[in-house]
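Contents: one structure, followed by commentary.
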Amino acid sequence: MNGNDIRVTVRRGLPLLLAGAILSMPMRAGAEDAPAVDTSRWVCKYCTFEEGLSSELELGGGYVSGDSFKFGEYTGLNKQGGFAVGNATARYRNKDGRWLDLSATDLGLDSRSFSIEGGRQGNYKLSLTYKELAHYITDTAISPFIGIGTDVLTLPAGWVPGATTGTMPSLAASLHGVDLETKRRAVDFGAALTRAVHWEFAVKFRHEEKTGTLGTGGSFVFNSAQLALPVDYDTNQMDASATYSRPRLQVRLAYYGSIFKNNDAALTWANPYVPLAAGATAGRRALAPGNEFHQLVVSAAYEFGKRTHATADIAFGRVTQDEAFLPYTVNSSLTTQPLPRRSLDGRVETLTGNLRITSALTDKLRVNAGITYDDRDNQTPQALYAGIITDVAPALARTNLPYSSTHTVAKLDGGYALTRDLRADAGCDYDIYDRDLQEVRHTREQICWAKGTARANDRTDIVLKGTHSKRTISDYTANPEIVSPENPLLRKYNMANRDRDIAELRVDVTLSARLSVGLETRISWDKYRRSVIGLRDGRSGAVAADAAFSLSDDTSATLYLSHEQIDSTQANAEAIPGSPLWFASNKDSIDTAGAGIRHHASDKLDLGVDYTYVRSTGEISIRGATVGFPDLTSRLHSAKLYATFRPKPKLALRLAYWYENYRSEDWTLDEVTPTTISNLLAFGQGSPSYHINVITLSGRYQF
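Going by the working numbering, 454 is the number at position 453 of the sequence shown; the sequence numbering is gapless.
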């Protein structure tokens, strides 16, 4: 609501307020002669309340013209053929505050959801939700391994190992299709209870199961194979809270817990190559271990007055992991020392806190101050573990490193309204990061920004913002635990000196009552000072324009265009320490265009069309080396058309058509067959490409 709306509301409501005040005044002596006011037929036009049961049901069917995991990655439309359209909602409201909501979405697809929620307003609330989410990764992978989806991968009977992929005589005949996909199933139950006026208690439980397969790899020193990793996870989560509210004070005490269980401890696979050492006929790798996280949170908000309020929270957490260690190797020919511990006995204590104060010092000046603190104290005990090189040979023993860190950020910013149409904002952040057992112990970063907001002629809004940050580090020391040794000239980008500048501009113009346009641009520059080897600089720029048209009272249209480019340069060296021998330059560009039209043909017919085009290119240029890489490209055309016809007020028929064409070229996948690389037994999957047509017809009825 803007100022004009408020003034109109006050003008319209003032006579009613005056009339109410006059009617509520005590009557003078003799007023008993005045007739009594009959209010029984007074009606409040703005006091309508929903009551009773209302519902909406949509049923229909659709058809997908082809198979594509990429097209149906999250939608469930991955297979050619028909599918059912099923959606439903229902609402119930009672005068005494009781209510109930039901919702069912995409019941005919692999990604579907159902929820029921109800209670009594101001008293209690109950909810139950069920969701399924499918993630289709690829259906073009091939592999000779048997037992896909289990934790043991074997090779066909009679398999003859080869020194290279090209010398495996049984490989071609043993290849079969492998689908990489996962599916999540989650059930949520929640309850909330309000006691008296000031207290509310809430609890929520979630049980989630995730099953399927993901791509991974296993190796025997220099020989490797792509493998299907089994996914069989169970996660249980709980949220519980108690909230106390007063007009000026709100306090909340909450608990959050998460327990993760992996039903597969390890993945074992047969060695398709000629063993490099005695007994190296199989490999094994540990999978994600079970773990727990528990956290207690206390938060509060307080209003000191009409102009100043503060919020604060503090959280104590603990992460534990106590899964039993696997033996060093499955190769019985290797002699190893006993494990130093039964399990990692991993334990990390976390402490986070936030404090923020906001104050309107005057009608024109507002100031905000805040500080955040995040401490991660890794209390995992250290031990010396014998080294094994991929079930083939012993290696140097190594000690585990329990990394810890502390991250603190202090912020101060404010805004001042210079005039009704001109405002200035500015602020600074001071970021401190302390680490142990890593290359850099301390980083310090100062970030300052300024923003101006202006309105011209009541038709043009302009926002201009600039940001400068400078990060400095303590001495950089190569980690002695990393094998092979790090180059002492290397600087990891997140722990390197860096200067960053950002400029942003947004302009919105209302050209007429039927046409408005917007323009937005953002440019950033990163310079990594003193980085001899590693990321040297980065630049990114984006520009976008959008427009909204009202072609007539019944027809509207939208249009948007954008271009983004990201460039970076890194230096690399073969020798240690050595100076840079070669450079790599990355250039990524993304172009996007879209348009949409909505037409209200009549009270019974609505028409619409949406079109989206996206093109991306990734270029890698090498200087000082003979190696080169082809470009990475992708292109998407997507068009959607729909028509909604309402033969009756409560009945709507919807016909929709969706066409999508996607093409991509990825040199890491294209033409890389299982035998292309002599020491890599690859999946042989190609870059995803498709052209799909989807048509749906459904009817929606309101009860």
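Think of the CB as a built atom: it goes at the ideal place given N, C-alpha and C, for glycine as much as any other residue. It should be emphasised that the depicted structure is a prediction, and the values quoted were computed from it without experimental measurement.
Out of the options, point me to the one whose CA is closest to residue i's CA.
i, options, result
"A105", "E74, D611, A135 and L60", "L60"
"V204", "T195, E210, T212 and W270", "T195"
"A546", "R537, T556, Y529 and G519", "G519"
"T214", "S220, Y234 and A644", "Y234"
"R348", "L288, N680, T674 and N379", "N379"
"Y93", "S116, N124, A387 and S55", "S55"
"D422", "A91, D459 and K71", "D459"
"K342", "F326, T336, L352 and L335", "Checking the displayed sequence, the identity of residue 342 turns out to be Arg instead of Lys. The shortest Cα separation from R342 among F326, T336, L352 and L335 belongs to F326."
"K71", "D140, I315, Q122 and T511", "D140"
"E446", "T473, A574 and I463", "T473"
"D346", "E293, T353 and I372", "E293"
"P481", "K528, L277, N401 and V695", "N401"
"T353", "I577, R207 and A313", "A313"
"Y477", "E440, C449 and R499", "E440"
"N369", "D414, S405, H600 and Y386", "D414"
"D375", "L362, F317 and S360", "F317"
"L277", "S334, A287 and D265", "S334"
"L681", "S690, T669 and Y691", "T669"
"T733", "V320, Q383 and G306", "Only positions 2 to 704 of the chain appear in the structure, and residue 733 is not among them; the question remains open."
"R531", "T556, E505, M496 and S553", "M496"
"I448", "D430, A361 and V673", "D430"
"D107", "G120, G63 and F146", "G63"
Throw me the rounded Cβ distance for the residue i and residue j pair, which I believe falls under 8 Å.
i, j, result
"G416", "R367", "5 Å"
"Y329", "I389", "5 Å"
"V533", "A576", "12 Å between Cβ atoms; not a contact."
"R247", "H199", "6 Å"
Can you tell me whether residue i sits near the ligand HEM, meaning its C-beta is under 7 Å from at least one heavy atom of the ligand?
i, result
"V673", "With respect to the ligand HEM, the structure offers nothing, as it holds no ligand at all."
Check whether the Cβ of residue i lies closer than 8 Å to any Cβ atom in chain D.
i, result
"A427", "The structure shown contains no chain D, having only a single protein chain."
Considering only their Cβ atoms, is the gap separating residue j from residue i smaller than 8 Å?
i, j, result
"D502", "G539", "no"
"A142", "Q703", "no"
"D257", "V298", "The sequence shown places Tyr at residue 257, rather than the Asp named in the question. Yes. Within cutoff."
"V252", "A301", "yes"
"T634", "G167", "no"
"E57", "A89", "yes"
"A425", "G467", "no"
"A596", "T559", "yes"
"G109", "G87", "yes"
"T282", "A271", "yes"
"G241", "E209", "The residue asked about is misnamed: residue 241 is Ala in this sequence, not Gly. No, Cβ-Cβ distance for A241 and E209 is not below 8 Å."
"W583", "A626", "yes"
"P162", "V275", "yes"
"K211", "T183", "yes"
"D592", "H564", "yes"
"R647", "K605", "yes"
"F115", "D392", "no"
"R507", "G535", "no"
"L185", "E133", "At residue 185 the sequence reads Arg, which differs from the Leu that was named. Closer than 8 Å, so yes."
"S699", "D667", "no"
"L230", "L176", "no"
"V179", "I693", "no"
"L385", "V484", "no"
"A479", "S517", "no"
"Q227", "A683", "yes"
Go to residue i, then tell me how far its beta strand (DSSP E) extends in each direction, as first and last residue.
i, result
"L654", "L652 to E666"
"K126", "Y125 to S144"
"K471", "T461 to I474"
"Q703", "Y691 to Q703"
"M239", "N224 to S246"
"G371", "L366 to N379"
"K649", "L633 to K649"
"N401", "No beta strand (DSSP E) holds N401; DSSP gives it neither H nor E."
"F115", "R113 to R121"
"N355", "G347 to A361"
"H705", "The requested residue 705 is not part of the displayed model; the chain covers only 2 to 704."
"L285", "The question names Leu, but residue 285 in the sequence shown is Arg. That run of the beta strand (DSSP E) goes A283 to A287."
"A585", "W583 to H601"
"L413", "S406 to T420"
"K452", "H443 to A457"
Taking the alpha helix (DSSP H) that residue i belongs to, which residues open and close that run?
i, result
"L172", "L172 to S175"
Using 8 Å as the Cβ pair cut-off and three pairs as the minimum, do the region 423-440 and the region 399-415 touch?
yes
So does the region 611-622 actually touch the region 630-649, counting three or more Cβ pairs closer than 8 Å?
yes
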